[in-house]
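First the structure, in the form of structure tokens, and then the observations on it.
Residue numbers (this note's numbering): 737 to 860.
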């Protein structure tokens, strides 16, 4: 009986060892996400600055929509990663995404003029 319990204990310890690898860090997913996030943020900022400097107004809308899709994708990644991220990192990433959205809205309002609506039937 004692031999069985000892064997069972040894098998449990052996099955737990792959999970407790000393090379894996509990902060590894967080660090990986944050490096990916900062790279994506830099990429979006550079895309937005290129759109603002563009001379060709024909592709402006599609370029702004592409930047908007990139921001939405980044926001989705933050939401999906919020399970393993510390709450401070989640708040910081969401604030960054919000700032990117504001920069996009500002570029959108600056680069694409709003249409002027005229009331029909008023002869002046």
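Where a beta carbon is used, it is the ideal one built from N, C-alpha and C, also for glycine. Bear in mind that the values here come from a model prediction, so they are computed numbers and not experimental data.
Item                                                                             : Value
Extent of the continuous alpha helix (DSSP H) run through residue 793            : Here residue 793 belongs to no alpha helix (DSSP H), and DSSP marks it neither H nor E.
C-alpha distance - residue 845 paired with residue 779, whole-angstrom precision : 21 Å
Candidates 809, 747 and 805: closest to residue 772 by CA position               : 809
Test item: CB-CB of residue 790 and residue 799 under 8 Å                        : yes
Range covered by the alpha helix (DSSP H) that runs through residue 837          : 823 to 847
Short Cβ contact (8 Å threshold) for residue 804 with residue 847                : no
Distance, residue 832 Cα to residue 806 Cα                                       : 13 Å
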